[in-house]
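Following: one structure in structure tokens, then a few remarks.
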Amino acid sequence: MLLETTFPNYSIAMKIQTTRFAGSAVKLANCPDLDLPEFAFIGRSNVGKSSLINLLTNKGGLARVSKTPGRTREMNYFTINESWNLVDLPGYGYAKVSKSQRDQFNEFVSEYLLERENLCGTFVLIDSRHSPQKIDLSFVSWLVEAGLPFALIFTKTDKVKPKMVRENIALFTEAMKEFSDGEPVYFESSTTTRDGRKQILGHIETAIRQR
Ligand SMILES: Nc1nc2c(ncn2[C@@H]2O[C@H](COP(=O)(O)OP(=O)(O)OP(=O)(O)O)[C@@H](O)[C@H]2O)c(=O)[nH]1
Ligand SMILES: [Mg+2]
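So for the sequence shown, the working numbering puts the first residue at -19; every next one is plus one.
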């Protein structure tokens, strides 16, 4: 609400008018055209990437929500308001995936994140119910080292008490001090309470405008 009142013309991201599935890709070369600014969503398998995309776009069935973890193997593109792209990246850290699939994933995702010219930012989703997990910290540390802009989103906040959410966020940002100076930008989200939607879209809107 606040952002909309403060910036009445904030309509690129904050006001979702149109959404459409714009294709899938399993390698950088197959990604759609480079002409739109783009934001990627990544995180452990089952953390809630696809659900969050549906919350942000207000469209229940846009991104497929998994019943079994590790389902999204490719990156899925969604074009919003014909002016920016939202990208659902495959989840990392799914134990039942073979080593060769994992290597392929690492190669493909790192190539995409490092070389995609129109990528404006990456959102790293972290399950707010858990204390810091090594795999999330190592992925965030890789982003810091690569100098890529990112924000954290602590998901599923409706599933635990607010105090637990606060503690897990504090532990995560504390652990990040090992490899990063300064405070990370972070959001909290819940598909049940719809918390975080406005803030995340506002962040995207600002990033597009500053581009
Ligand atoms: N209560 C609650 N459940 C959630 C929330 N976000 C996601 N879920 C549930 O968590 C499960 C996984 O959600 P997805 O959105 O499919 O997760 P994902 O990260 O896209 O999973 P992969 O594509 O397999 O990597 C689903 O059962 C969702 O309904 C949330 O904020 N609150
Ligand atoms: Mg998914």
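Positions of the beta carbon are idealized from the N, C-alpha and C atoms, including for glycine.
Quantities reported herein were computed from a predicted structural model and do not represent experimental measurements.
Under the Cβ criterion (8 Å, minimum of three pairs), the stretch 134 to 148 does not count as touching the stretch 64 to 71. In the structure shown, residue 107 falls within a strand segment according to DSSP collapsed to helix, strand and coil.
Residue pairing of residue 57 in beta bridges, as defined by DSSP: 3 and 67.
Shortest gap from the CB of residue 31 to any heavy atom of ligand 1: under 7 Å. Counting only runs of 4 or more residues that sit fully inside the stretch 114 to 170, the alpha helix (DSSP H) segments are 114 to 126 and 142 to 156, in chain order. Burial check for residue 9: the Cβ neighbour count within 10 Å stays below 16, so the residue is exposed.
Secondary structure of residue 184 (DSSP, three-state): helix. One alpha carbon belongs to residue 16, the other to residue 191, and they sit about 11 Å apart. Take residue 29, set aside five residues on each side of it, and the residues of its chain with a beta-carbon closer than 8 Å to its own are 21, 22, 23, 43, 52, 68, 69, 71 and 105, in chain order. Cα atoms of residue 73 and residue -2: separation of roughly 32 Å, rounded to the nearest angstrom.
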